[in-house]
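If you count the sequence shown from 1, you need to add 35 to reach the numbering used here.
No residue lacks a Cβ here, since even glycine has one placed at the ideal position from N, Cα and C.
Worksheet for the structure shown next.
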Amino acid sequence: MDNQWNILEKECMKCEKCNLHSTRKNVVIERGNRQAKILFIGEGPGAREDESGIAFVGQAGKLLDLALGSMGIYEKDIYICNIIKCRPPNNANPTDEQAKACMPYLKKQIELVNPLVIVLLGSVALKRMINSNLTITKNRGNWMEYEGIKVLPTFHPAALLRDEKKKIVFWKDINKAWKSITD
Ligand code: URA
Numbered sequence: 036m037d038n039q040w041n042i043l044e045k046e047c048m049k050c051e052k053c054n055l056h057s058t059r060k061n062v063v064i065e066r067g068n069r070q071a072k073i074l075f076i077g078e079g080p081g082a083r084e085d086e087s088g089i090a091f092v093g094q095a096g097k098l099l100d101l102a103l104g105s106m107g108i109y110e111k112d113i114y115i116c117n118i119i120k121c122r123p124p125n126n127a128n129p130t131d132e133q134a135k136a137c138m139p140y141l142k143k144q145i146e147l148v149n150p151l152v153i154v155l156l157g158s159v160a161l162k163r164m165i166n167s168n169l170t171i172t173k174n175r176g177n178w179m180e181y182e183g184i185k186v187l188p189t190f191h192p193a194a195l196l197r198d199e200k201k202k203i204v205f206w207k208d209i210n211k212a213w214k215s216i217t218d
């Protein structure tokens, strides 16, 4: 297992499969516990993640950590990664080409972590992992499936920074995903 992680890390670090390699400071693979039962998927690194090489360490990540902490869920309990591993300039949405080039790495991460549940954070993750026709407002909180693994989509934490009213359903969705593996 360690060896497979080492291979994956090395491949990601030297990846030049899309144009983002030329502007990135760091490749952002993950944060958290590779043995976690719950895996979160976001969109892609922002400025703070690009600087540090660690996923969800900026404002959105702090808000996510705060919500998780209030439920007694800590970094040791989760694994978190993104649809793409390199920051798009100006935080643009990942293009088709970028998301497709990066998908094999994400699939390998899911395979190695082998979680009981996946939480999709926001529209980009929902569309890329399940179906591009789905919208996050209509489909958040509904159980879905990805290759035999239970999936629950919810809002991206950055959306809560723009609209406080989303906080309560976000909290409920994550609690629902967590309860499904701990109850
Ligand atoms: N937003 C994301 O989707 N991922 C990160 O790692 C940080 C912010």
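According to DSSP, what are the bridge partners of residue i?
i	result
M179	V186
F75	I115, V154
R66	I115
Name the residue from the options whose alpha carbon lies nearest to the alpha carbon of residue i.
i	options	result
G88	M164, Y114, K214, K60	K60
P192	C47, L103, I42, R66	L103
L125	T58, W213, T189, V204	In the sequence on display, residue 125 carries Asn and not Leu. Selected option, being the one with the closest Cα: T58.
D85	M164, M48, R69	M48
R163	I64, V63, F91, N117	N117
A212	I64, G93, L156	L156
S167	T130, W206, L98	T130
K216	I64, R197, S158, I108	One point to set straight first is that residue 216 is Ile, not Lys, in the sequence displayed. The shortest C-alpha separation from I216 is found at I108.
- request: Decide yes or no for the touch test of the segment 45–61 against the segment 127–143: beta carbon pairs closer than 8 Å, at least 3 of them.
  value: Look at the beta carbons and you see the segment 45–61 touching the segment 127–143: at least three pairs across the two are nearer than 8 Å.
- prompt: In chain order, which beta strand (DSSP E) runs of at least 3 residues are fully inside the segment 92–135?
  reply: Segments of the beta strand (DSSP E) lying fully in the segment 92–135: 113–117.
Cβ contact (3+ pairs, closer than 8 Å) linking the segment 141–160 and the segment 172–184: Flag = yes, the segment 141–160 and the segment 172–184 touch.
query: Are the segment 96–113 and the segment 40–50 touching, with three or more C-beta to C-beta distances below 8 Å?
result: Too few Cβ pairs lie closer than 8 Å, so no.
- prompt: Can you find at least 3 beta carbon pairs, one from the segment 69–84 and one from the segment 107–123, that sit closer than 8 Å?
  reply: Yes, the segment 69–84 touches the segment 107–123.
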